[in-house]
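In this note's numbering, the protein residues as written are 214 to 524. Beta carbons are placed, not taken as given, at the ideal position from N, Cα and C, and that holds for glycine. In what follows, a structure is listed as structure tokens, so that the remarks can point back to it.
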């Protein structure tokens, strides 16, 4: 009896593949930049400030017959056992438990104790790709080969992917590598869907990104943003109009003054840049009001951490 011929995985007409890929690593190794590059649009905020990502953020990209469901996680926190950091670490652990593939992101040529801590969390049985990111910042490429040999001794990585998340060809190559690890099954999302996160969530993240961008290292990372109002309103001028009211929550009066800036200039700039970016993301007219409130000790208060939208 002849064996049935296997279907070939050849684009849209072929076998559909779909799977979940977790992006993990210590804070500030470029996970959010990588997610945005893979999705092809900004859905996760980026900042030079460590610990910017605080939620499990899903990015979706469909290429040919394969649908990639990427999960960007907060960087695993090894210091400061606050209620906020415990919540962030719980999010990381939840994300890496039930996936088809893990992208373990490190800076090319480097491996720290914080990297080792994240690596120790990975569960056996799930393939892990070592994504050696920020390759463009390595001066001597010849140093990478011995470093990769050292990394193989630390963990049985399925493959090594030295790359830069800012290089389009590197990102394409990563898709091709990831695809073979996805199970053959129907897609979970529509072909054009990019994230499972709501516009309201994207609004809070966009304001938070601008907050960190314009305050630099002056402001503690415990500051957060709450969306008090997110309403669509009819408009004779615009096909779609959204009114948003956001509150920036800080821990001290001094931080509030810092966010507002001289004559309110800094707060105005945060609001203007956030509004402009949201108009592009949501393809609509946005009216955005931003306020600042002091809530001292919120990051240590488990009930308040939950009330501010952290799992």
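Quiz prompt | Whole-number beta carbon distance between residue 318 and residue 243, since they are thought to touch under 8 Å | solution = 6 Å
Self-check item: Bounding residues of the beta strand (DSSP E) (the contiguous stretch that carries residue 461)
Solution: 454–463
Quiz item: Leaving out five residues before and five after residue 379 in sequence, what residues of the same chain have Cβ atoms less than 8 Å from its Cβ?
Solution: 246, 250, 349
Quiz prompt | First and last residue of the uninterrupted beta strand (DSSP E) at residue 401 | solution = Taken as a continuous stretch (DSSP letters only), residue 401 belongs to no beta strand (DSSP E), as it is neither H nor E.
Self-check item: As assigned by DSSP and simplified to three states, the class of residue 409
Solution: coil
Quiz prompt | Whole-angstrom distance between residue 398 and residue 236, CA atom to CA atom | solution = 21 Å
Practice problem: Just the C-alpha distance for residue 281 and residue 385, rounded to the nearest angstrom, thanks. | Solution: 13 Å
Quiz item: Roughly how far, in whole angstroms, is the beta-carbon of residue 271 from the beta-carbon of residue 441, given that I think they are within contact range, below 8 Å?
Solution: Rounded, the Cβ-Cβ distance is 25 Å, inconsistent with contact.
Quiz item: Quick one: is residue 336 buried, meaning 16 or more other Cβ sit within 10 Å of its Cβ, or exposed?
Solution: exposed
Quiz item: Quick one: is residue 267 buried, meaning 16 or more other Cβ sit within 10 Å of its Cβ, or exposed?
Solution: For residue 267, the predicted structure reports a pLDDT of 39, less than 50, and the residue's modelled location is therefore unreliable. A value from the coordinates is still provided. Buried, by the Cβ-count rule.
Practice problem: Spatial neighbours of residue 454 within its chain, please: CB distance less than 6 Å, with the 5 preceding and 5 following residues excluded, ordered by chain position. | Solution: 446, 448, 498
Self-check item: Beta-carbon contacts of residue 456 that lie in its chain and below 7 Å, excluding the five residues immediately before and after
Solution: 442, 444, 446, 500
Exercise. Return the chain-ordered ranges of every alpha helix (DSSP H) run that is complete within the segment 316–340 and spans a minimum of 4 residues.
Key: 326–334
Self-check item: Proximal residues to residue 363 (C-beta, below 8 Å), its chain only, five neighbours per side dropped
Solution: 324
Quiz prompt | Through-space distance from residue 326 to residue 416, alpha-carbon basis | solution = 34 Å
Self-check item: residue 228 burial status per 10 Å Cβ neighbour count (16 or more: buried)
Solution: exposed
Quiz item: Just to confirm, are residue 316 and residue 231 a CB contact at a threshold of 9 Å?
Solution: no
Quiz prompt | Residue burial classification, residue 274 (beta-carbon count within 10 angstroms, cutoff 16) | solution = buried
Quiz item: So, helix, strand or coil for residue 498, using DSSP?
Solution: strand
Quiz item: From residue 504 to residue 426, what does the alpha carbon distance come to, in whole angstroms?
Solution: 17 Å
Quiz item: In three-state terms, what does DSSP make of residue 285?
Solution: strand
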